[in-house]
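In this note's numbering, the protein residues as written are 245 to 429.
The beta-carbon is built from N, C-alpha and C at its ideal position, and this holds for glycine as well.
Keep in mind that this is a model prediction, so the values were computed, not measured.
Taking it in order: structure first as structure tokens, then the write-up.
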């Protein structure tokens with residue numbers, strides 16, 4: 245799970261380092277447009293209780309985390325390659341944000357399930373450290389690539405999408421919870 249969290253952190257680092265410049269340089273978003281974008285970008289966060297409730301009725305947390313990474317990867321790749329105009333930018337940002345919010349809701353419970361009794365805080369700290377290290381790696385990759393090839397947002401979001409896919413693969417392979425019922429009904 246630490247590797248999944250590390251790769252998710254790298255994805256988050258790429259987004260943190262590039263999104264504002266991408267919106268400004270590629271799509272001409274100014275402060276006003278960027279402000280308006282916050283509503284659809286945060287909509288998945290407002291709806292996360294409903295989304296998680298629906299997902300938990302069918303899937304266990306490790307599968308939900310893998311699904312979150314699919315959303316995150318789709319959002320990243322969509323921004324990099326399938327966003328010719330504002331409408332598609334909003335669509336892909338909402339898809340990415342949905343994955344982002346889902347993983348934030350599942351990472352803690354997954355970490356707690358993996359912790360040994362009495363080591364819950366330590367496990368959550370390890371996950372936070374892995375995520376932060378991944379974020380540093382993602383930001384560092386953007387910095388290095390920008391110095392080498394310039395602001396290639398398609399390349400940045402391809403890397404983010406690939407990191408999310410790798411994270412999803414690690415989440416999917418988690419062996420925990422296979423005997424747990426998928427529902428919390």
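Exposure label - residue i; buried when at least 16 CB within 10 Å
{"i": "residue 324", "result": "buried"}
{"i": "residue 417", "result": "exposed"}
{"i": "residue 331", "result": "exposed"}
{"i": "residue 269", "result": "exposed"}
{"i": "residue 280", "result": "exposed"}
{"i": "residue 412", "result": "buried"}
{"i": "residue 298", "result": "exposed"}
Of the residues the options, the one placed nearest residue i, counting alpha carbons only
{"i": "residue 368", "options": "377, 354, 379 and 381", "result": "354"}
{"i": "residue 385", "options": "340, 373 and 256", "result": "256"}
{"i": "residue 345", "options": "363, 333 and 294", "result": "294"}
{"i": "residue 343", "options": "408, 263 and 250", "result": "408"}
{"i": "residue 283", "options": "412, 334 and 329", "result": "334"}
{"i": "residue 404", "options": "413, 267 and 252", "result": "252"}
{"i": "residue 309", "options": "351, 341 and 359", "result": "351"}
{"i": "residue 263", "options": "373, 400, 311 and 250", "result": "400"}
{"i": "residue 254", "options": "419, 402 and 299", "result": "402"}
{"i": "residue 406", "options": "363, 347, 316 and 341", "result": "316"}
Alpha carbon of residue i to alpha carbon of residue j, nearest angstrom
{"i": "residue 377", "j": "residue 260", "result": "14 Å"}
{"i": "residue 276", "j": "residue 304", "result": "40 Å"}
{"i": "residue 429", "j": "residue 291", "result": "Legend: pLDDT at residue 429 = 49, less than 50; position of this residue unreliable, value from coordinates given subsequently. Roughly 19 Å separates the two Cα atoms."}
{"i": "residue 327", "j": "residue 361", "result": "47 Å"}
{"i": "residue 265", "j": "residue 313", "result": "23 Å"}
{"i": "residue 338", "j": "residue 321", "result": "13 Å"}
{"i": "residue 245", "j": "residue 349", "result": "15 Å"}
{"i": "residue 318", "j": "residue 336", "result": "7 Å"}
{"i": "residue 357", "j": "residue 410", "result": "21 Å"}
{"i": "residue 397", "j": "residue 271", "result": "12 Å"}
{"i": "residue 301", "j": "residue 388", "result": "43 Å"}
{"i": "residue 359", "j": "residue 371", "result": "11 Å"}
{"i": "residue 415", "j": "residue 249", "result": "9 Å"}
{"i": "residue 420", "j": "residue 307", "result": "10 Å"}
{"i": "residue 373", "j": "residue 311", "result": "23 Å"}
{"i": "residue 296", "j": "residue 258", "result": "25 Å"}
{"i": "residue 274", "j": "residue 247", "result": "36 Å"}
Extent of the continuous alpha helix (DSSP H) run through residue i
{"i": "residue 278", "result": "275 to 290"}
{"i": "residue 313", "result": "305 to 325"}
{"i": "residue 353", "result": "330 to 358"}
{"i": "residue 398", "result": "397 to 416"}
{"i": "residue 248", "result": "246 to 271"}
{"i": "residue 373", "result": "364 to 393"}
So, do the segment 377 to 391 and the segment 360 to 367 have three or more beta carbon pairs nearer to each other than 8 Å?
-> no
The segment 383 to 393 touching the segment 281 to 290, judged by at least three CB pairs closer than 8 Å = no
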